[in-house]
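Residue numbers (UniProt numbering), protein chains in the order written: chain A, 1 to 77; chain B, 1 to 420. We put the CB at the ideal spot given by N, CA and C, even for glycine.
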């Protein structure tokens with residue numbers, strides 16, 4: 001499979017979680033790639049959690065770009 | 001016409017082009033011929049206790065159609081008595097008072113040795129001194145050259161001893177045969193150097209003859225490692241100049257050396273922080289008159305750029321030289337094939353399939369002809385296809401604008417706040 005398609009698949013997982021009110025609460029990088037931990041934003045106590053393993057460089061960049069842009073927006077506002 | 005005069009650490013020269021210490025600056029006859037041709041200065045072949053040289057001494061690396069893409073020598077410093085060299089330096093300086101003569105020096109790492117040679121050389125009117133801490137062959141076996149230049153403490157100490165006796169500017173010529181040239185550049189600055197120059201030659205063995213099994217070059221069937229220079233070493237030299245030029249704790253002028261053979265090479269070194277350049281191999285290959293084109297070319301370039309003086313060019317690219325971690329991860333370029341120029345050799349396809357990211361594929365035009373196209377979403381912009389392409393203009397690398405810049409260092413700082 002072409003890498004771009006793999007990127008789109010991984011990106012879709014991230015976008016779906018974010019659209020469902022999950023937010024990123026942790027990022028760990030190791031030899032196996034990037035593991036992004038999500039938690040549903042508005043829940044308390046046993047809030048649903050999810051972890052996505054990112055293998056593709058473009059997706060690992062994408063997820064940090066989301067956070068980076070968000071930080072930039074916050075610093076501007 | 002731009003002003004090409006330079007003042008390099010107090011050494012004045014009518015242009016930034018100096019002959020580097022080496023075979024072309026062995027005698028007064030040669031240096032005077034060089035000055036007649038237009039060179040602004042010359043670094044006299046290294047003076048010290050006269051050696052005995054061997055034959056043969058040089059070898060050239062021919063690559064593809066280019067002769068002397070690289071050059072290797074096992075010649076040592078001057079084999080002539082100091083008095084002979086000093087007499088010719090004095091004569092040359094009297095005949096060419098407006099040209100810079102810098103004496104390259106190499107003696108044992110002893111204070112009295114440096115004091116003695118500095119005084120004797122300055123007595124004949126040199127404009128400056130260059131300490132040869134770089135030659136990797138022969139003299140290094142005797143504790144001099146790169147053997148001294150690889151030890152920061154020895155560089156600092158010998159520079160200091162020289163400065164104790166010197167009245168003219170002291171340039172420290174550095175060896176590239178070291179992991180981090182900024183360590184010895186810093187040591188030179190700490191020792192009081194007025195300037196540094198780089199690079200001396202790179203340790204090398206040019207080859208082995210497949211018929212005789214002798215080394216290239218060989219001396220009666222035996223060989224040794226030598227110093228490598230010529231166009232092949234330019235990227236190494238340029239990187240080392242950049243490393244030093246970007247260090248605020250190395251606040252001395254840099255004379256750039258290494259593979260410079262035309263005005264474009266010289267301009268690149270100047271942009272990266274060198275305020276003079278030295279040339280050896282190109283003069284050995286093509287003769288002293290190459291300096292005519294270097295002077296004209298640099299002059300025209302400065303005019304084209306609207307710069308009144310060559311000094312205005314120096315260092316203009318230094319701020320663009322960064323650590324890898326400070327490069328923008330979001331910057332993207334992709335390859336695009338221009339069908340009007342493509343000769344259908346398929347080299348780009350093979351290179352991309354075998355050595356890159358498998359994103360150049362065949363497709364069939366409406367008229368049935370097969371052509372190649374880049375699948376841009378999978379292209380990582382590595383440049384390999386455009387590098388191997390033999391048809392000028394057939395592959396363009398196209399910038400893909402991004403809204404936000406994010407470096408690796410910025411990314412890692414961000415991740416660290418998320419527990420990564």
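State the Cα-Cα distance for the pair residue i and residue j, rounded to the nearest angstrom.
i, j, result
"residue 353 of chain B", "residue 267 of chain B", "37 Å"
"residue 418 of chain B", "residue 380 of chain B", "28 Å"
"residue 29 of chain A", "residue 334 of chain B", "28 Å"
"residue 199 of chain B", "residue 104 of chain B", "14 Å"
"residue 203 of chain B", "residue 79 of chain B", "22 Å"
"residue 18 of chain B", "residue 394 of chain B", "39 Å"
"residue 362 of chain B", "residue 337 of chain B", "12 Å"
"residue 10 of chain A", "residue 324 of chain B", "27 Å"
"residue 145 of chain B", "residue 53 of chain B", "16 Å"
"residue 176 of chain B", "residue 133 of chain B", "10 Å"
"residue 288 of chain B", "residue 378 of chain B", "50 Å"
"residue 407 of chain B", "residue 329 of chain B", "5 Å"
"residue 295 of chain B", "residue 239 of chain B", "24 Å"
"residue 137 of chain B", "residue 410 of chain B", "44 Å"
"residue 58 of chain A", "residue 3 of chain A", "9 Å"
"residue 270 of chain B", "residue 67 of chain B", "26 Å"
"residue 235 of chain B", "residue 389 of chain B", "21 Å"
"residue 129 of chain B", "residue 187 of chain B", "17 Å"
"residue 71 of chain B", "residue 280 of chain B", "10 Å"
"residue 34 of chain B", "residue 402 of chain B", "51 Å"
Can you tell me whether residue i is buried or exposed, with buried defined as 16 or more other CB within 10 angstroms of its CB?
i, result
"residue 179 of chain B", "exposed"
"residue 142 of chain B", "exposed"
"residue 68 of chain A", "buried"
"residue 42 of chain B", "buried"
"residue 127 of chain B", "buried"
"residue 1 of chain B", "exposed"
"residue 123 of chain B", "exposed"
"residue 61 of chain A", "buried"
"residue 173 of chain B", "buried"
"residue 31 of chain A", "exposed"
"residue 350 of chain B", "exposed"
"residue 45 of chain B", "buried"
"residue 436 of chain B", "No statement about residue 436 of chain B is possible, as the shown extent of chain B runs from 1 to 420 and does not include it."
"residue 322 of chain B", "exposed"
"residue 387 of chain B", "exposed"
"residue 364 of chain B", "exposed"
"residue 265 of chain B", "buried"
"residue 55 of chain B", "exposed"
Identify whether residue i lies in helix, strand or coil by the three-state DSSP scheme.
i, result
"residue 244 of chain B", "helix"
"residue 233 of chain B", "helix"
"residue 101 of chain A", "Lying before the first or after the last residue shown, residue 101 of chain A is absent from chain A, which here runs from 1 to 77."
"residue 92 of chain B", "helix"
"residue 309 of chain B", "strand"
"residue 220 of chain B", "coil"
"residue 126 of chain B", "coil"
"residue 400 of chain B", "strand"
"residue 51 of chain B", "coil"
"residue 361 of chain B", "strand"
"residue 327 of chain B", "coil"
"residue 139 of chain B", "helix"
"residue 41 of chain B", "strand"
"residue 206 of chain B", "coil"
"residue 144 of chain B", "coil"
"residue 26 of chain A", "strand"
"residue 119 of chain B", "helix"
"residue 297 of chain B", "helix"
"residue 186 of chain B", "helix"
"residue 28 of chain B", "helix"
"residue 68 of chain B", "strand"
"residue 381 of chain B", "coil"
Taking 7 Å as the line, does the beta carbon of residue i fall inside it for any heavy atom of the ligand GDP?
i, result
"residue 239 of chain B", "As for the ligand GDP, it is missing from this structure, which has no ligand bound."
Compare the C-beta of residue i with all C-beta atoms of chain D and state if any pair is closer than 8 Å.
i, result
"residue 337 of chain B", "Of the protein chains in this structure, namely A and B, none is chain D."
query = Touching or not, the segment 22 to 39 of chain B and the segment 272 to 286 of chain B, by the rule of three or more beta carbon pairs under 8 Å?
reply = yes
query = What residues from the segment 52 to 72 of chain A come within 8 Å of chain B, judged by C-beta to C-beta, listed N to C?
reply = 61, 64, 65, 67, 68, 69, 71, 72
request  = May I ask you to verify whether the segment 339 to 347 of chain B touches the segment 18 to 25 of chain A, counting CB pairs closer than 8 Å and requiring at least 3?
outcome  = no
inquiry  = Whether or not the segment 45 to 64 of chain B and the segment 6 to 14 of chain B are in contact is what I'm after, with contact meaning three or more pairs of Cβ atoms, one per stretch, closer than 8 Å; do they touch?
reply    = no
task = Would you list, in chain order, the members of the segment 378 to 391 of chain B that have their beta-carbon closer than 7 Å to a beta-carbon of chain A?
result = Only 378 from the segment 378 to 391 of chain B bring a Cβ to less than 7 Å from some Cβ of chain A.
message = Below 8 Å, how does it come out for the segment 201 to 220 of chain B and the segment 179 to 189 of chain B: are there three or more Cβ pairs, yes or no?
response = no
ask   = Are at least three pairs of beta-carbons, each pair with one atom in the segment 47 to 58 of chain A and one in the segment 60 to 74 of chain B, less than 8 Å apart?
value = no
request  = Could you name the residues of the segment 10 to 33 of chain A whose beta carbon sits closer than 8 Å to any beta carbon of chain B, in the order they occur along the chain?
outcome  = 24, 25, 26, 27, 28, 29
ask   = For the segment 153 to 169 of chain B against the segment 101 to 117 of chain B, are there 3 or more C-beta pairs whose distance is under 8 Å?
value = A contact exists between the segment 153 to 169 of chain B and the segment 101 to 117 of chain B.
task = Can you give me, in chain order, the residues of the segment 314 to 334 of chain B that have a beta carbon less than 8 Å from any beta carbon in chain A?
result = Contacts with chain A (Cβ-Cβ distance below 8 Å) from the segment 314 to 334 of chain B involve 329, 330, listed in chain order.
inquiry  = Along the segment 405 to 418 of chain B, where does the CB come closer than 8 Å to a CB of chain A? Name the residues.
reply    = 406, 410, 411, 414, 415, 418
ask   = Got a sec: which bits of the segment 191 to 209 of chain B sit with their beta carbon under 8 Å from any beta carbon on chain A, in order along the chain?
value = none
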